[in-house]
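Read the structure below first, then the notes.
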Amino acid sequence: MQTHEFYYQGLKTNLIQVSSAEKAESSRRYFPHGINCIGANAGDIKQVIQAFQTQYSELSADDTLELCEYLLQKAEYNEETLIAFGLLNKFVKRHYDDGLLVRFEYWLTHYANNWALVDDLCIKTIYLFFMGRPHLIEKTQHWSLSDVAWCRRASNVVWVKFIKRKIGQSMYCLDTQLIFTNCDQLINDKDEFVQKSVGWLLKVTSIEHERAVIQYIEKNINTLSRSTLRYAIEKMAPATRKHLLAFGR
10 MQTHEFYYQG LKTNLIQVSS AEKAESSRRY FPHGINCIGA NAGDIKQVIQ AFQTQYSELS
70 ADDTLELCEY LLQKAEYNEE TLIAFGLLNK FVKRHYDDGL LVRFEYWLTH YANNWALVDD
130 LCIKTIYLFF MGRPHLIEKT QHWSLSDVAW CRRASNVVWV KFIKRKIGQS MYCLDTQLIF
190 TNCDQLINDK DEFVQKSVGW LLKVTSIEHE RAVIQYIEKN INTLSRSTLR YAIEKMAPAT
250 RKHLLAFGR
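Set out below in structure tokens:
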């Protein structure tokens with residue numbers, strides 16, 4: 010096994026090769042508060058990861074986790090952090106113990122500094138982790154109490170794929186009371202991206218529990234921000250959306 014610095018430099022070289030100023034400029038449009046990006050899209054990052062893991066197939070799950078930690082500490086660009094998260098996806102469902110969830114929380118509070126990093130870690134890596142450990146899905150609720158807004162956002166995003174999900178031979182259904190408790194905790198959050206995550210969680214919940222979500226919205230109509238409300242009702246019928254947009258005026 011080579012040094013972590015050796016792998017880091019190799020990954021960075023490959024990342025530079027697939028990046029461009031045009032793609033960097035395109036990415037920046039989605040980050041009104043700024044982002045340090047090199048100019049690689051999701052397909053580029055996937056390509057870099059696949060090539061690396063093919064070339065260094067001898068790296069074990071533990072080796073890869075150590076390398077991820079090194080990359081996160083060294084990362085200058087947004088895409089480097091995405092590579093660090095993505096390297097774990099090959100192993101995370103069947104390797105590591107439950108304690109990795111604590112490390113994910115640390116990453117969210119120290120390395121995820123924009124909505125895309127939060128969502129990528131939650132929707133891809135932690136999703137796969139939970140698919141092998143459904144007993145941990147509800148253990149993230151305390152993230153909503155974090156001092157770090159990105160971790161608070163993650164407390165909602167990490168659940169969006171688990172409202173109702175087949176895991177193995179069983180159907181996992183997230184407790185709607187937990188969902189609404191989390192929304193109650195964050196409904197007045199001052200961070201716009203936390204607010205949007207409330208809307209996202211309500212939106213995916215409405216697919217399986219529309220009546221309950223409508224009742225929640227009606228109860229909290231004067232508290233929900235307009236953008237959060239629009240996210241929440243996106244999957245509902247036009248007449249229902251019109252009713253809720255007018256409700257409470």
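So for the sequence shown, this note's numbering puts the first residue at 10; every next one is plus one.
Virtual Cβ for every residue (Gly too), placed ideally from N, Cα, C.
Quantities reported herein were computed from a predicted structural model and do not represent experimental measurements.
Problem set entry | Burial state of cysteine 131 (16 or more Cβ within 10 Å) | By one-based count along the sequence shown, residue 131 stands at place 122. Flag for cysteine 131 reads buried.
For this session: Take the Cβ of aspartate 129 as the centre, count every other Cβ of all protein chains shown within 10 Å, and call the residue buried at 16 or more, exposed below.
Result: The residue labelled residue 129 in the question sits at position 120 within the sequence shown. Aspartate 129 should be labelled buried.
Problem set entry | Best match in Gln224, Glu88, Leu20 for proximity to serine 36 [C-alpha to C-alpha] | Taking the sequence shown and counting its residues from 1, one reaches residue 36 at position 27. Checked all of Gln224, Glu88, Leu20; the closest Cα to serine 36 is Glu88.
For this session: Report the residue from His42, Trp209, Glu85 whose alpha carbon sits nearest the alpha carbon of arginine 239.
Result: Counting from 1 along the sequence shown, the entry for residue 239 is found at position 230. The residue with the shortest Cα to Cα distance from arginine 239 is Trp209.
Exercise. According to DSSP, what are the bridge partners of cysteine 182?
Worked result: Residue numbering aside, residue 182 sits at position 173 when the sequence shown is read from its first letter. Paired residues: Lys173.
For this session: Determine the burial state of glutamine 224: buried for a count of at least 16 other Cβ atoms within 10 Å of its Cβ, exposed for fewer.
Result: Counting from one through the sequence shown, the residue named residue 224 turns up at place 215. By the neighbour-count rule (16 or more Cβ atoms within 10 Å), glutamine 224 is not buried but exposed.
For this session: State buried or exposed for lysine 251, treating a residue as buried only when at least 16 other CB atoms are found within 10 Å of its CB.
Result: For the purposes of this step, residue 251 is taken as the residue at position 242 of the sequence shown. Lysine 251 is exposed by the Cβ-count criterion.
Exercise. Just how far apart, CA to CA, sit glycine 141 and lysine 102?
Worked result: For this step, residue 141 is matched to residue 132 along the sequence shown. For this step, residue 102 is matched to residue 93 along the sequence shown. If I take the Cα positions, the gap works out to 5 Å.
Problem set entry | Among Ser155, Ile172, Phe61, nearest to leucine 20 - alpha-carbon criterion | Along the sequence shown, one-based indexing puts residue 20 at 11. Per the Cα distances, Phe61.
For this session: Tell me whether asparagine 231 is buried or exposed, calling it buried when 16 or more other Cβ atoms sit within 10 Å of its Cβ.
Result: Taking the sequence shown and counting its residues from 1, one reaches residue 231 at position 222. Exposed is the call here.
Exercise. Quick one: Cα of glutamate 114 to Cα of leucine 154, how far?
Worked result: Position 105 of the sequence shown holds residue 114. Position 145 of the sequence shown holds residue 154. Straight-line Cα distance between these residues: approximately 12 Å.
Exercise. So, is serine 179 buried or exposed, given that buried needs 16 or more other C-beta atoms within 10 angstroms?
Worked result: For the purposes of this step, residue 179 is taken as the residue at position 170 of the sequence shown. By the neighbour-count rule (16 or more Cβ atoms within 10 Å), serine 179 is not buried but exposed.
For this session: Compare the Cα-Cα distances from histidine 13 to each of Lys83, Thr185, Leu211 and report the closest residue.
Result: Here residue 13 refers to the residue found at position 4 when the sequence shown is read from its first residue. Comparing Cα-Cα distances from histidine 13 to each of Lys83, Thr185, Leu211, the minimum goes to Lys83.
Exercise. Taking just the CA atoms, how far does phenylalanine 171 sit from asparagine 23?
Worked result: Reading the sequence shown from its first residue, position 14 is the one you call residue 23. Reading the sequence shown from its first residue, position 162 is the one you call residue 171. Roughly 35 Å separates the two Cα atoms.
Problem set entry | Selection from Ile44, His104, Glu201, Leu110 that minimises the alpha carbon distance to aspartate 71 | Along the sequence shown, read from residue 1 onward, the residue named residue 71 stands at position 62. Checking every option, the nearest Cα to that of aspartate 71 belongs to His104.
For this session: Put proline 41 into one of helix, strand or coil per three-state DSSP.
Result: Locating residue 41 in the sequence shown gives position 32, where the first residue counts as 1. Here proline 41 sits in coil by DSSP.
For this session: Taking only runs that begin and end inside the stretch 195-230, name each unbroken alpha helix (DSSP H) of 4 or more residues, in chain order.
Result: 201-217, 219-228
Exercise. What's the gap between the Cα of leucine 126 and the Cα of serine 236?
Worked result: Working through the sequence shown from its first residue, we reach residue 126 at position 117. Working through the sequence shown from its first residue, we reach residue 236 at position 227. Taking the straight line joining both Cα atoms gives about 21 Å.
For this session: State the DSSP-derived secondary structure class of tryptophan 168, mapped to helix, strand or coil.
Result: Indexing the sequence shown from 1 puts residue 168 at position 159. Residue state, collapsed to three classes: coil.
Exercise. Any idea what DSSP makes of glutamate 85, helix, strand or coil?
Worked result: In the sequence shown, residue 85 corresponds to position 76, counting from 1. Residue state, collapsed to three classes: coil.
Problem set entry | Neighbour-count burial assignment, isoleucine 188, 16 or more Cβ in a 10 Å radius | Numbered from 1 along the sequence shown, position 179 holds the residue referred to as residue 188. Isoleucine 188 is buried by the Cβ-count criterion.
For this session: Quick one: grab the DSSP three-state call for arginine 142.
Result: In the sequence shown, the residue the question calls residue 142 occupies position 133. Coil.
Problem set entry | Minimum C-alpha distance to phenylalanine 94 - residue among Ser28, Glu227, Ile54 | Here residue 94 refers to the residue found at position 85 when the sequence shown is read from its first residue. Measuring from the Cα of phenylalanine 94, the nearest candidate turns out to be Ile54.
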